Amino acid sequence: MKLFLIFLIGATSLVSAQTPGRSKVLEGNKLFTEEKYDEANNAYRDAQLDNPTSAVIDYNIANTLYEKKKYEEAIKLYDKVSKNADDPLFQAQAYYNLGNTLYRLNKWQESILAYTEALKLNPEDEDAKYNLEYVRTKLKQNADQQNQDDQQQQKEQPKPSDYAKKLKERAEKMVAAFQYEAAHDLMMQGMKVDKTVAAFQQFIDRIGAVVEIAGQK
2 MKLFLIFLIG ATSLVSAQTP GRSKVLEGNK LFTEEKYDEA NNAYRDAQLD
52 NPTSAVIDYN IANTLYEKKK YEEAIKLYDK VSKNADDPLF QAQAYYNLGN
102 TLYRLNKWQE SILAYTEALK LNPEDEDAKY NLEYVRTKLK QNADQQNQDD
152 QQQQKEQPKP SDYAKKLKER AEKMVAAFQY EAAHDLMMQG MKVDKTVAAF
202 QQFIDRIGAV VEIAGQK
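Under this note's numbering, the first residue of the sequence shown is numbered 2, with each subsequent residue one higher.
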């Protein structure tokens, strides 16, 4: 997923020739194209000292953070630019890059929202359209796979024997009498005798959690 980058700042309406920090931004852009991301970040930070309210500088710093895999920091700046930039197309680019960064952190639902916002501001953005559909497809595939895994797990779950069922009934009576530790021990010992007791694993886990919280073990 490529980033939208702003390199030709002098040729855009976002930064004029008289804008404070322009030369340092251009220096940062050159370093960025050379993949010298630490140096580019330093140049942008220097430019920011001269022009602390520049959305373009924030955006370019975010791009260096993205390339350095500092995604959480990049997200904060992309989010700031997407909300505060005056130019709608620039806002759209920030939302697009925000979507890419969220995707890298496996925050897929949030990345979908970011791409959607980008398309509201720039409906012709083919990259945002593609990424939006790509992430939606990935989410659906994951959900389908999870359903398959759950169904397979249910098929593989052993059917409890009569012994296992009676054991659970005894454990349930103990639980009703607040004898959680005894109930948990009973089920764990029963599992050593009869593997089908594992059919009640969720029940055993719940009792174990109560025992742990109560500090009885």
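Glycine is no exception: its CB is placed at the ideal position from the N, C-alpha and C atoms.
In this text the structure is predicted, and so the values were computed from the model without any measurement.
* Asked: Does the region 38-47 touch the region 60-68, meaning 3 or more C-beta pairs lie closer than 8 Å?
  -> yes
* Look at the alpha carbon of Y79 and the alpha carbon of V57, and state the distance between them as a whole number of angstroms. => Distance between the alpha carbons of Y79 and V57: 10 Å.
* **With 16 other Cβ atoms within 10 Å as the buried cut-off, status of Y97** => In the assembly as shown, Y97 is a buried residue. Its beta-carbon has 16 or more other beta-carbons within 10 Å.
* To do: Name the residue from E36, D88, P53 and L187 whose alpha carbon lies nearest to the alpha carbon of M175.
  => L187
* **Local Cβ density within 10 Å of F179, reported as buried at 16 or more and exposed below that** => exposed
* **Minimum C-alpha distance to L202 - residue among D163, M189, L103 and K130** => The sequence shown places Gln at residue 202, not Leu. Residue M189 is the option with its Cα nearest to Q202.
* Asked: Can you tell me where the alpha helix (DSSP H) with Q202 in it begins and where it stops?
  -> Annotation: the continuous alpha helix (DSSP H) that includes Q202 extends over Q202 to A215.
* **Span of the alpha helix (DSSP H) around T34** => R23 to T34
* Asked: So, helix, strand or coil for A177, using DSSP?
  -> helix
* From what residue to what residue does the alpha helix (DSSP H) around L106 run? -> Note, L106: premise wrong, no alpha helix (DSSP H); not H, not E.
* N- and C-terminal bounds of the alpha helix (DSSP H) containing S83 -> Y72 to N85
* Secondary structure of D39, DSSP reduced to three states -> Three-state result, D39: helix.
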